[in-house]
Each structure stands twice: as C-alpha cells, then as structure tokens.
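Q: Numbering (the working numbering), first residue to last: 496 to 634.
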C-alpha cells in the first residue's frame, strides 16, 4: 500500500539532484512511496505543485512559458493520489481515482526537463490554478 513519505514542503527544500527548469521557485512538493518492498530501494513519486498567478509565491504565466514552454495538447495523466491529496485536498477529492492514483486532464507540457538518469516517467499537466508535475525515482 502506498504511503506518504514527504508532507507538502516548499520547492526550496527539493533536493538539488531533482531536475527542474530554472525559473521555477514558487510552489510545493510532496512524495509518496509506491511499493511495499522491504529490500532494495523504494519506488517514489514526487509531485510538484506550481501555482500560477501574479501574487507572491505564484508563477506568472510568462515565467511558466519561459520555464516549461508553451502548453501542448490536452492530456490525461495519472499521479499518486496520496501526494496530490497532500498538496491539493479539494482538487484530489474532485478527481477520478484509479487504484492508488488520481486522473487529471489538462493542457500538457514537455516533461523531459524534469527527467534524468535517476528521475523518469515525468508528467506535466495544467490543473485549476496551476501546474502539476509528477516524476518517479528509485525501484
């Protein structure tokens, strides 16, 4: 059964080895353990919330485009329900659930900027009020 291993925290506390584009400083992140294995490294999913707006602690539309590129086509992605729920409880409760994930549909963004040899399977999608990013590591 998945477990939340990192409560919502400012992006400034995200370890430097986690890939992300420059210009992204506002937001929060949480992480969920996806497996139950006792031996070896665990599979984790990190979920980042990047709020969009012009206020303090928000990413402007111009900064989002500079960091993420232009919004692409609509996409439906799955992300850890526990991590999304920790960051955005109201949104998570309104989204369809599939097993231990929530399903989110919105404009997509290029995800490779959040990937490296140790971080893979990134998904980036527009959600009400901001952008959600999910990326996996471990296993």
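Quick reminder that beta carbons are idealized off the backbone N, C-alpha and C, glycines included. Note that the structure is predicted; figures quoted are calculated from it, not measured.
So which of 530, 618, 529 has the shortest CA-CA distance to residue 563?
A: Of the listed residues, the one whose Cα sits closest to residue 563 is 618.
Q: Applying the criterion that 16 or more other CB atoms from any shown protein chain within 10 Å of the CB defines a buried residue, is residue 559 buried or exposed?
A: Per the 10 Å Cβ criterion, buried.
Q: Among the candidates 607, 571, 606, whose CA atom is the shortest distance from the CA of residue 592?
A: For the residues 607, 571, 606, the minimum Cα distance to residue 592 belongs to 571.
Q: On the criterion of 16 or more Cβ atoms from any shown chain inside 10 Å, does residue 575 qualify as buried, or is it exposed?
A: Buried is the call here.
Q: Confirm, please, whether the CB-CB distance from residue 514 to residue 611 is below 9 Å.
A: In contact: residue 611 and residue 514 (Cβ atoms closer than 9 Å).
Q: Quick one, are the C-beta atoms of residue 539 and residue 628 less than 9 Å apart?
A: For residue 539 and residue 628, no; Cβs fall outside 9 Å.
Q: Once the 5 residues before and after residue 630 are set aside, which same chain residues still bring their CB inside 6 Å of it?
A: Only 541, 609, 614, 617 meet the Cβ criterion.
Q: Determine the direct distance from the alpha carbon of residue 530 to that of residue 584, and round the result to whole angstroms.
A: Residue 584 and residue 530: Cα-Cα distance of roughly 22 Å.
Q: Please report the Cβ distance between residue 597 and residue 587, rounded to the nearest whole angstrom; I am assuming they are in contact, meaning their Cβ atoms lie under 8 Å.
A: With 8 Å as the limit, residue 597 and residue 587 qualify as a contact, their Cβ atoms being about 6 Å apart.
Q: Quick one: residues in its chain with C-beta nearer than 8 Å to the C-beta of residue 498, no 5 flanking neighbours on either side, listed in chain order?
A: Closer than 8 Å at the Cβ level, and outside the excluded window around residue 498, lie 527, 528, 577.
Q: Sort out for me which residues DSSP pairs residue 628 with in a bridge.
A: In the DSSP output, where bridge partners are listed per residue, residue 628 has 543, 619.
Q: Determine the direct distance from the alpha carbon of residue 511 to that of residue 517, and round the result to whole angstroms.
A: Between residue 517 and residue 511, the C-alpha separation is close to 12 Å.
Q: Helix, strand or coil: which one does DSSP assign to residue 590?
A: In the structure shown, residue 590 sits in coil (DSSP, three-state: anything other than H, G, I, E or B).
Q: Report the three-state DSSP secondary structure of residue 599 (helix, strand or coil).
A: Strand at residue 599.
Q: Since residue 523 and residue 506 are thought to touch, with beta carbons under 8 Å apart, how far apart are those beta carbons, to the nearest angstrom?
A: That pair is a contact at about 7 Å.
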